[in-house]
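The structure appears right after this line, and notes come after that.
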Amino acid sequence: MSESASFVGRDIVSIRDFSRRDLDHVMDMAVVMEPLAKKGSDMLHGRIMATLFYEASTRTRLSFESAMTRLGGTALGFAETKGTSVEKGENLADTIRVTENYADVLVVRHPLEGAARMAAEFASIPVINAGSGAEEHPTQAMLDLYTMRKELGRIDGLNVVLAGDLRYGRTVHSLAYALSLYDINLYLVSPSLLKMRKEVLEEVSGRIKVQELEELNKVIPEADVLYMTRIQKERFGSLEDYEKVRGSYSLTASDLAAAKSEMIVMHPLPRIDEIDYSVDKTTHSKYFKQVWYGLLVRMSLIGLVLAALS
Ligand code: NCD
Numbered sequence: 060m061s062e063s064a065s066f067v068g069r070d071i072v073s074i075r076d077f078s079r080r081d082l083d084h085v086m087d088m089a090v091v092m093e094p095l096a097k098k099g100s101d102m103l104h105g106r107i108m109a110t111l112f113y114e115a116s117t118r119t120r121l122s123f124e125s126a127m128t129r130l131g132g133t134a135l136g137f138a139e140t141k142g143t144s145v146e147k148g149e150n151l152a153d154t155i156r157v158t159e160n161y162a163d164v165l166v167v168r169h170p171l172e173g174a175a176r177m178a179a180e181f182a183s184i185p186v187i188n189a190g191s192g193a194e195e196h197p198t199q200a201m202l203d204l205y206t207m208r209k210e211l212g213r214i215d216g217l218n219v220v221l222a223g224d225l226r227y228g229r230t231v232h233s234l235a236y237a238l239s240l241y242d243i244n245l246y247l248v249s250p251s252l253l254k255m256r257k258e259v260l261e262e263v264s265g266r267i268k269v270q271e272l273e274e275l276n277k278v279i280p281e282a283d284v285l286y287m288t289r290i291q292k293e294r295f296g297s298l299e300d301y302e303k304v305r306g307s308y309s310l311t312a313s314d315l316a317a318a319k320s321e322m323i324v325m326h327p328l329p330r331i332d333e334i335d336y337s338v339d340k341t342t343h344s345k346y347f348k349q350v351w352y353g354l355l356v357r358m359s360l361i362g363l364v365l366a367a368l369s
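What the sequence shown shows, in our numbering, is residues 60 to 369, in sequence order.
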């Protein structure tokens, strides 16, 4: 196992750039952040984060901004390209070279795969990938791991089910890579049109046991974690293809009758129709708790990257 590298000044582009020790360290620091999230801190006083969001977001952007604010720093940026120079035709590289003058860290969400990597190459300050097309969403994977660790007390030994859109869903790509650093069993549940991306499957199945299947109910009794995802309508080549898989899964409270009592249901959100509201009231549902854990993990990451934590 590789050593945990220093986080100071580091880009957070792909989860594949991180060792298990790195991920464990981010989570250890998230524990330290919990009281600070409640009472506030001036750890990052005078430091500035710019959020450059070229794609829709509610949680991720607010979570980063809240994390920075709770640590005493300031957040600025844009949540849509309307009204920015992107509308005039400014390219990403130029926007990065400009905005890095205004901040100490950049948080970038972009519809194109590879955009975060490119931004990191142009920026002299750290870049955090908040979602790069259908490719990756590394900070979501970190908070997903943290949710498992907090709710179940461990990650090793778990049976984890990733269900839904495994082809276009970036959260499940990053999460599968991250989970493959632990000793877990992975079940991949999707319609055949939305199977896990080949390069992710190949890498992950070289490290842990992976089973692909289409039927969700079959794996519910085995699962310790059931991670549901939205079918990513906006990433389909045609609406016709989307219609073929729309509404493939809809988890209800009665489906959970077969589940282990400790089993947790997770979702990166937003949910559409893949988790029925009846699940919200069950003890299994952890998707809103995940949001809180996400805040702590992002406080931890920003603190580490900006050298306020070590
Ligand atoms: C996800 C995303 O943007 O990839 N949302 C999030 O960041 N929590 C999931 C999704 O949009 O389905």
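Cβ atoms here follow ideal geometry from the backbone N, Cα and C, with glycine treated the same way.
Nearest Cα to Arg168 within the set Glu194, Gly265, Tyr113: Tyr113. Of all C-beta pairs linking the stretch 90 to 109 to the stretch 73 to 81, fewer than three are shorter than 8 Å, placing the two stretches out of contact. Bridge pairing for Phe112: Arg168 [DSSP]. One thing to note: Ala367 has its Cβ within 7 Å of the Cβ of Met102. Relative to the ligand NCD, the beta carbon of Thr206 is positioned no closer than 6 Å to any heavy atom. Contact check between the stretch 353 to 362 and the stretch 210 to 224: fewer than three CB pairs, one atom from each, fall below 8 Å, which does not count as touching. Shortest gap from the CB of Thr119 to any heavy atom of the ligand NCD: under 6 Å. In this structure, the C-beta of Pro197 stays at least 6 Å away from each heavy atom of the ligand NCD. If you check the CB distance, Val231 and Leu225 come in under 7 Å. In this chain, the beta strand (DSSP E) harbouring Gln270 covers 268 to 272. Glu261 is positioned such that its CB atom lies no closer than 7 Å to that of Arg229.
Residue Lys254 holds the alpha-carbon nearest to the alpha-carbon of Leu221 among Pro197, Ala189, Ala193, Lys254. Short note on Leu328: C-beta closer than 6 Å to some heavy atom of the ligand NCD. At least one heavy atom of the ligand NCD lies closer than 6 Å to the C-beta of Gly190. Counting only runs of at least 3 residues, the stretch 99 to 158 fully encloses the following beta strand (DSSP E) elements, listed from N- to C-terminal order: 107 to 112, 133 to 137. If you draw a 10 Å sphere on the C-beta of Asp153, you find fewer than 16 other C-beta atoms in it, and that means exposed.
Residue state for Ser313 is assigned as helix, using DSSP reduced to three classes.
Counting only the Cα atoms, Arg305 lies some 39 Å from Met88.
Here the alpha carbons of Asp242 and Ile107 stand approximately 38 Å from one another. In chain order, Asp224, Tyr227, Gly228 place their CB closer than 6 Å to the CB of Gln291, counting only its own chain and leaving out the 5 sequence neighbours on each side. When only Cα atoms are considered, Lys277 and Gly99 end up about 45 Å apart. Annotation for Leu234: Ala200, Asp203 place their beta carbon closer than 6 Å to its own, counting only its chain and skipping 5 residues before and after.
Of all alpha-carbon atoms in Phe77, Met287, Val166, Ala182, the one lying nearest the alpha-carbon of Ser116 is that of Val166. Taking Leu135 as the centre and dropping the five residues before and after it, the same chain places the C-beta of Ile107, Met108, Ala109, Thr110, Tyr161, Ala162 closer than 8 Å to its C-beta, in chain order. If you compare the alpha carbons of Leu275, Ala193, Ser297 with that of Ser309, the shortest gap goes to Leu275. Placement of the Cβ of Thr230 at a distance of less than 6 Å from at least one heavy atom of the ligand NCD is found. Here Lys303 is exposed: its Cβ has fewer than 16 other Cβ atoms, across all protein chains shown, within 10 Å. The residue from Leu245, Thr341, Ser144 with its alpha-carbon nearest to that of Arg266 is Leu245.
Glu195 carries a strand assignment under DSSP once its states are collapsed to helix, strand and coil. Under the 10 Å beta carbon count, Pro197 is surrounded by 16 or more other beta carbons and is classified as buried. Under the DSSP definition of a beta bridge, Ile71 partners with Ile187. If you ignore the 5 residues before and after Ala126, its C-beta comes within less than 7 Å of the C-beta of Leu354, Arg357, Met358, Ile361, all in its own chain and listed in chain order. Every unbroken stretch of the alpha helix (DSSP H) spanning 4 or more residues and falling wholly within the stretch 257 to 301 is given here in chain order: 257 to 264.
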